[in-house]
Amino acid sequence: MLKGFNHEEMSDVAFEVGGEVERESTATTFHAFHSILRLNAPSLADMCRPGDKAVVPINGVEPEVFKMLLYFCYGGKVSEDELAANAKAIIEAADRFGIVNLKLQAEAVLTKQTEITADNMLDNLLYANSKNLALLFQEKIMDFVAENGTRLSAKFLLYDVPSSLISDILTAFSQGKKATRTGSSAPDDDLKFMRVGDLRKRMHEKGLCIDGSRETMISLLRENLASIETEAEETLSIPLFGLEKKRTALLRNI
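Quick note: the sequence shown, position 102, residue 108 per the numbering used here, numbers continuous.
This is how it looks when you write it as structure tokens:
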């Protein structure tokens, strides 16, 4: 796969990436095979068609970051040092082009290197929510909220916290109080209190997309469970329905 990376003769689409400074002298051209993009970067694939002669312009992304994304799509590995140095830029571009696994890798590195404090908590909270960074949003920020709930209560009153985040904040407070009272976490089967890592593991086991907010993952898991229960009920009802038909036929013969 990597032999075809940015290989003009083995590609059928091209992108011109100018970075933040949109000057012709800074633009870099990248070549790719559309089918590979369709599998690994669907949103980027939607921006072009196989065999297009016109070069597709990409703005708002640095050429070096785009090169990492394309390299990853061809099966290459982006080092942790590269992820650490470009975490937010990679998250932004990967989220934009639908490269889920790379986004999650960059999120893990960003979560590791970000220190949450009372002063930067809200800014990080809003950023994580805007990019659906469930690991940073829940495992890091909300754990901080749970551990420092009493001290932070008054601080929340000073900020305009979006209503969409209130539920998660209240859940974090509840987790903190429950842990204080019982010294343990919520039951494994309680999706509402399940940690993001466990939610993503269940999503992966069921073949569901693991990118998304905490609420999205919980909703998809519940839908999946309901679908399985419905299928099970329908399966059990088939033999009974067959017996009922036989019973009706016997009655008619009598």
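Note that CB positions come from ideal geometry on N, CA and C, so glycine has one too. Keep in mind the model is a prediction, meaning the values are calculated, not measured.
Within this structure, are the beta carbons of GLU14 and VAL61 separated by less than 8 Å?
no
Inter-residue CB distance, ASP217 and ASN138 (contact presumed, cutoff 8 Å):
Between ASP217 and ASN138, the beta carbon gap of about 7 Å places them in contact (Cβ cut-off 8 Å).
Who are the near neighbours of ILE147 in its chain, counting only those whose CB is closer than 7 Å to its CB and skipping five residues on each side?
If the five residues before and after ILE147 are omitted, its C-beta is found closer than 7 Å to the C-beta atoms of ILE122, MET127, ASN130, LEU131, ALA134, all from its own chain and listed in chain order.
If we count the other Cβ atoms within 10 Å of its Cβ and call it buried at 16 or more, is CYS215 buried or exposed?
exposed
Distance between GLY213 and PRO56 (C-alpha atoms, nearest Å):
29 Å
Alpha carbon of TYR77 to alpha carbon of LEU110, nearest angstrom
Going by the C-alpha atoms only, they are around 16 Å apart.
Please classify ASN65 as buried or exposed, where buried requires at least 16 neighbouring CB atoms within 10 angstroms.
exposed
Where does HIS13 fall in DSSP's three states?
DSSP places HIS13 in coil when its eight states are reduced to three.
Can you name, in chain order, every residue of its own chain whose Cβ lies under 8 Å from the Cβ of GLU145, other than the five neighbours on each side?
THR117, ARG201, VAL202, GLY203
With LEU8 and GLY82 assumed to form a contact (beta carbons below 8 Å), what rounded beta-carbon distance in angstroms separates them?
Under the criterion of beta carbons closer than 8 Å, LEU8 and GLY82 qualify as touching, at roughly 6 Å.
Helix, strand or coil for PRO56 per DSSP?
It is coil, neither helix nor strand.
Return the first residue and the last residue of the beta strand (DSSP E) that THR35 is part of.
34 to 38
Locate the beta strand (DSSP E) running through VAL106, then write down its first and last residues.
Per DSSP, VAL106 lies in no beta strand (DSSP E); the unbroken alpha helix (DSSP H) holding it starts and ends at 106 to 119.
First and last residue of the uninterrupted alpha helix (DSSP H) at ASN130
127 to 136
Leaving out five residues before and five after PHE103 in sequence, what residues of the same chain have Cβ atoms less than 6 Å from its Cβ?
ALA47, SER49, LEU50
Who are the near neighbours of ASP18 in its chain, counting only those whose CB is closer than 7 Å to its CB and skipping five residues on each side?
Taking C-beta separations shorter than 7 Å and ignoring five residues to either side along the sequence, the partners of ASP18 in its chain run PHE39, HIS40, PRO56, GLY57, following chain order.
Determine the burial state of LEU141: buried for a count of at least 16 other Cβ atoms within 10 Å of its Cβ, exposed for fewer.
Around the beta-carbon of LEU141, 16 or more other beta-carbon atoms lie within 10 Å, marking it buried.
Start-to-end residues for the beta strand (DSSP E) that takes in VAL202:
Note, VAL202: premise wrong, no beta strand (DSSP E); alpha helix (DSSP H) at 202 to 211.
Cβ neighbours of LEU43 in the same chain (closer than 6 Å, five flanking residues each side left out)
LEU50, ALA51
Where do the ends of the alpha helix (DSSP H) carrying ILE96 lie?
Counting along the chain, the alpha helix (DSSP H) containing ILE96 begins and ends at 93 to 103.
Mind checking which residues open and close the alpha helix (DSSP H) that includes VAL151?
It spans 149 to 153 - the alpha helix (DSSP H) in which VAL151 sits, taken as one unbroken run.
Taking 7 Å as the limit between beta carbons, can you name the residues of its chain near MET16, skipping five residues before and five after?
GLY10, PHE39.
Which residue from LYS59, LEU75, SER225, GLU229 puts its Cα closest to that of ILE96?
LEU75
Quick one: what does DSSP say ALA47 is sitting in, helix, strand or coil?
coil
Look at the Cβ atom of ASN92, then the Cβ atom of VAL71, and state whether they are nearer than 8 Å.
Yes, the Cβ-Cβ distance between ASN92 and VAL71 is below 8 Å.
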